[in-house]
Structures are given as structure tokens and as C-alpha cells.
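Numbered per the working numbering, the sequence shown finishes at 1591, counting up by one with no gaps. Structure first, commentary second.
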Amino acid sequence: MEDEHLCVRCSCLGRTCCQWSEVYVTPGDVDRIAEHLERSDFYEYREPSDSDYAAQDDDPAWQHYVFQPDGMRRVLKRRHGGDCTMLGPSGCRLPWEVRPLVCRIYPYDYDEIGIKPQLLHGCPVHLLKPGQSLITLLDMNVDAARRWHRQLYEEIRLETTADVDRVDLRPAC
1419 MEDEHLCVRC SCLGRTCCQW SEVYVTPGDV DRIAEHLERS DFYEYREPSD
1469 SDYAAQDDDP AWQHYVFQPD GMRRVLKRRH GGDCTMLGPS GCRLPWEVRP
1519 LVCRIYPYDY DEIGIKPQLL HGCPVHLLKP GQSLITLLDM NVDAARRWHR
1569 QLYEEIRLET TADVDRVDLR PAC
């Protein structure tokens, strides 16, 4: 088991990010996934199951664009046990370039300003061997995460519930 990929070892410990996360999908994510799946019944609008998540105010742009006035936001559907409907026996069934942007960025933490220096807590870093880096082991790089981050915030601004006349949340050029 020690030679298996970290995500496989993580799944043996219990629920993974693909099983406990409510994955927000941007309008662009919806288009990419719908084109790949040739259907559009993979998402729904729901309130966050974690009220603390909905109450966070550390990213005003996220709050303004992602959440509708009734507190709902567009997320991937989940199966009865909580698994993401895109989760297959060997991981995500979507090709990397089709996956939701928030999934591609994970485990990087971020806000509208950019990628934060600390990673999100969720990956079982205690399973890393001495000297191993989580980002290296996951074959990720910060430049790709920054690119996806820019794309994510461009796409959340496409949300139709946003008040387009508000300029206070737009980044300075």
C-alpha cells in the first residue's frame, strides 16, 4: 500500500475530498462538462450543508458572485452517500481539462487576490514520506494553479445573479 498514489491511500482511510466536498461549478465548468458528457443533468442549486462556509466573509467576490440571494449556489450533484457523481472506482471520471476549476486547484487555498501560501487541510500529509512534498507528489505546480485561479474568477463573474453595475468588487486594473 505504501507504493500506491497518495489519493489511493487517502481513500483507504475514509471519506475523501471527492466524497465530502460540495463542488461549486462555474458557468464555464458547466459548459465544459456538458460538452464532454453530452448532457447537463449533473449539477443542482443547493445551500451549503456547512453554515460556517456560507457565513465566511474573507472573499467578498466569491460571496457576491457565487451565492444567489437565497443562499443557493450551483454544485455538482452527489450520490446518496455523499460521493460526487463524477467519482468512479479509480478516481474522477472527468479528464483533467474538463474537471471543475475548484477541483483542479485543490489542495491550494485561494481567495480573489490569489493563491495562498498555505495549502488547505484535507490531504493526509501524515502519509508523506520524509522529504516528500504534497504538491510534487500530486504532480501539481503553482503556475498552473494560478492560471486556473484567474480563469475561476473570470468565470464566476459570468454568474447571472451578479449585479453588473457593482464596481467595488472588481479587481483594480
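Glycine is no exception: its CB is placed at the ideal position from the N, C-alpha and C atoms.
Where does residue i sit, in a helix, a strand or coil, going by DSSP?
i	result
L1406	Given that the chain is displayed from residue 1419 to residue 1591, the structure contains no residue 1406 and the question cannot be resolved.
E1462	strand
R1568	helix
P1548	coil
I1553	helix
P1487	coil
Can you tell me where the alpha helix (DSSP H) holding residue i begins and where it ends?
i	result
P1448	Per the sequence shown, the amino acid found at residue 1448 is Val instead of Pro. Segment 1445-1455, the alpha helix (DSSP H) holding V1448.
Y1471	1469-1473
V1493	Looking at the DSSP string, V1493 is not in any alpha helix (DSSP H); the run it does join, the beta strand (DSSP E), is 1491-1494.
Just to confirm, does residue i get its C-beta within under 7 Å of one of the non-hydrogen atoms of the ligand HEM?
i	result
P1513	The ligand HEM is absent from the structure shown, which contains no ligand whatsoever.
First and last residue of the beta strand (DSSP E) that includes residue i?
i	result
P1507	Here P1507 belongs to no beta strand (DSSP E), and DSSP marks it neither H nor E.
Leaving out the 5 sequence neighbours to the left and right, which residues in its chain are closer than 6 Å to residue i when beta-carbon positions are compared?
i	result
P1563	Residue identity check: residue 1563 is Ala in the sequence provided, not Pro. So the list reads I1523, Y1526, I1533, once near-sequence residues are dropped.
E1577	Y1483
In the DSSP assignment, what residue or residues form a beta bridge with residue i?
i	result
G1532	D1529
L1537	Y1526
Y1365	In the structure displayed, the chain extends from 1419 to 1591; residue 1365 sits before or after that span and is not available.
CB-CB under 7 Å to residue i, same chain, minus the five flanking residues each way: which ones, in chain order?
i	result
L1567	Just to set this straight, residue 1567 is His in the shown sequence, not Leu. Excluding sequence neighbours, H1567 sits near I1523, Y1528, G1532, I1533.
Q1481	D1475
message: For the pair the region 1513-1526 and the region 1463-1480, tell me if three or more CB-CB distances fall below 8 Å.
response: The region 1463-1480 and the region 1513-1526 do not touch, with fewer than three beta-carbon pairs separated by less than 8 Å.
- prompt: Are three or more beta carbon pairs between the region 1439-1458 and the region 1511-1520 nearer than 8 Å?
  reply: Yes, the region 1439-1458 is in contact with the region 1511-1520.
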